[in-house]
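Enquirer:
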Amino acid sequence: MATTIIDGRAVAAAVRERIKKSTEEFINRTGITPGLAVVLVGEDPASQVYVRNKHRACGEVGFLSRVYTLPASTTEDELLALIAELNADREIHGILVQLPLPKHISESRVILAIDPKKDVDAFHPQNVGGIMTGDYKFVPCTPAGVMELLAHYGIDPSGKSAVVVGRSNIVGKPQALLLLEKNATVTVCHSRTRDLAAVTRTADILVVAVGRAKMITGDMVKEGAVVIDVGMNRLDDGKLCGDVDFDSVFPVASHITPVPGGVGPMTITMLLCNTLRAAEDAAAKPCH
Ligand code: GUN
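In our numbering, the protein residues as written are 200 to 487.
The following block contains the structure:
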C-alpha cells in the first residue's frame, strides 16, 4: 500500500483561507478587528523566528498584531505589568508570551497572570482544566493542529490504539487528552518507559513529540500506522529534521508527516483560530 505524505502546508493554507473569510465577515458585522499581542523576552533566535512568523500570519488573515520585544533583563514584575495592561486592552483579544522565558522569570506565574479569556495558547490552568473535562474554548495549538490534520485526511481515532511519545505540558499531555476525547485508546510514553519499541509497535496512530532527532525508526512502527512527527531538530549540517527517521518509517506507515511541512504550519494556524474565537466571544459579551 502506498504511503500518504500528510501535507501540512496545504491543510494550513486551506484553513487560513477559511479564517481570512470569517475574519472579513466578522469585521464587517461587528467593526471589531481580532487582535493578538505576542510578547518576546530576550533574544533566543528560534523564538525570534516563531514570533516573526506569528506576526506575518496575523497580517495575512486581517488581524491586528502587536509584538512586544523586551530585553532579557526584563524583571518578572515588569512583564506582569505589561500582561495586566494587555488584559485590560480592548483592542487585544489574544495574548501569547513566547516560551521559554529567561530563567529569572517564573513561567507559571506569568501564565497564571494572563486573562484565561485571552489565553490563546491554552496554557492557563483554567483552560488546561477545560481540556481535561472536554469543556474548552481554546485548544493548545500544536495538539489541535495534529487533530486537524487527522480529520482532514479522514483518520478517525475512535477505537484505535494511539501512542503519544513525550509528556510535555505543551504537546504530549494535551495531545493524549484530545485523542482520548475522540475515543482512541491512548498510551503515553516518556523517558522512563521500558521497551519503548514494544509500545510504539502497538500504535495505529503514533504521535512523537520528544525533541530527539530521528529517534523513532521503521522497526518501531506497526505496518500501516499513521505517524505524526511533532519534532523539529536542527542537525549539525543545518538541516531540519523531526523525531521520526522519515526514510526508514516511510515504507512501513500508511500516512506520515514530513519535517518541515507537516505539523509545523498547523501550529500557527490553530493560534489564528483561537484568536478569532477569542474576538468572537469578546464581541458577544462586550461587558466582560
Ligand atoms: N514556545 C514553543 N512553542 C510555543 C507555543 O506553542 N507557545 C508559546 N507561547 N511559546 C512556545
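Cβ atoms here follow ideal geometry from the backbone N, Cα and C, with glycine treated the same way.
Here the structure is a predicted model, which means the values were calculated and not measured.
Taking only the alpha-carbon atoms, compute the straight-line gap between T268 and D243 and give it to the nearest angstrom.
Expert: Cα to Cα, the separation comes out at about 11 angstroms.
Enquirer: Could you tell me the alpha carbon to alpha carbon distance between R366 and T399, rounded to whole angstroms?
Expert: About 15 angstroms.
Enquirer: Is it the case that the Cβ atoms of I304 and I282 are separated by a distance below 8 angstroms?
Expert: Cβ atoms of I304 and I282: not closer than 8 angstroms.
Enquirer: With G410 and N432 assumed to form a contact (beta carbons below 8 angstroms), what rounded beta-carbon distance in angstroms separates them?
Expert: About 7 angstroms separates the two Cβ atoms, so the contact holds.
Enquirer: Note the first and the last residue of the continuous alpha helix (DSSP H) segment covering A280.
Expert: First-last of the alpha helix (DSSP H) with A280: 275–287.
Enquirer: At which residue ranges does the segment 214–265 contain complete beta strand (DSSP E) runs of 3 or more residues, listed in the order of the chain?
Expert: The segment 214–265 contains these whole beta strand (DSSP E) runs: 234–240.
Enquirer: Apply the 10 Å Cβ neighbour rule to K484 and answer buried if 16 or more other Cβ atoms are within range, or exposed otherwise.
Expert: Label assigned to K484: exposed.
Enquirer: Looking at T466 and the ligand GUN, is the gap between the Cβ and the nearest heavy atom below 7 angstroms?
Expert: Yes, since a heavy atom of the ligand GUN falls inside the 7 angstroms radius drawn around the Cβ of T466.
Enquirer: Closer than 7 angstroms to a non-hydrogen atom of the ligand GUN - does that hold for the CB of V296?
Expert: Answer for V296: yes, Cβ within range of the ligand GUN.
Enquirer: For a test of the three-state rule: what should DSSP assign to G371, helix, strand or coil?
Expert: G371: helix per DSSP, three-state reduction.
Enquirer: Between H351 and chain C, is the shortest Cβ-Cβ distance under 8 angstroms, so that the two count as touching?
Expert: The structure shown has no chain C; it contains just one protein chain.
Enquirer: Just checking D314 against the ligand GUN - is the residue's beta carbon closer than 7 angstroms to any of the ligand's heavy atoms?
Expert: Outside the cutoff, so no.
Enquirer: Would the segment 445–464 count as touching the segment 412–424 if we require 3 or more Cβ pairs under 8 angstroms?
Expert: Touching, yes.
Enquirer: Can you give, in chain order, each stretch of the alpha helix (DSSP H) that sits fully within the segment 298–370 and has at least 4 residues?
Expert: With a minimum length of 4 residues, the continuous alpha helix (DSSP H) runs that stay inside the segment 298–370 are 306–312, 324–332, 340–351.
Enquirer: Would you mind stating whether T416 and S447 have Cβ atoms separated by less than 8 angstroms?
Expert: Yes, Cβ-Cβ distance for T416 and S447 is below 8 angstroms.
Enquirer: By a C-beta neighbour count over all protein chains shown, 10 Å radius and 16 as the cutoff for buried, is A213 buried or exposed?
Expert: Classification of A213: exposed, given that the 10 Å Cβ count is below 16.
Enquirer: With hydrogens ignored, establish whether the beta-carbon of C194 is closer than 7 angstroms to any heavy atom of the ligand GUN.
Expert: There is simply no residue 194 to check, as the chain begins at 200 and stops at 487 in what is shown.
Enquirer: For the ligand GUN, any of its heavy atoms closer than 7 angstroms to the Cβ of I415?
Expert: Checking every heavy atom of the ligand GUN against the Cβ of I415, none is found closer than 7 angstroms.
Enquirer: Quick check on D428: does DSSP put it in helix, strand or coil?
Expert: Looking at D428 - three-state DSSP - the assignment turns out to be strand.
Enquirer: So, using beta-carbon positions, are L376 and M419 closer together than 8 angstroms?
Expert: Cβ atoms of L376 and M419: not closer than 8 angstroms.
Enquirer: Once DSSP output is grouped into helix, strand and coil, what is the label at G293?
Expert: Strand, per DSSP.
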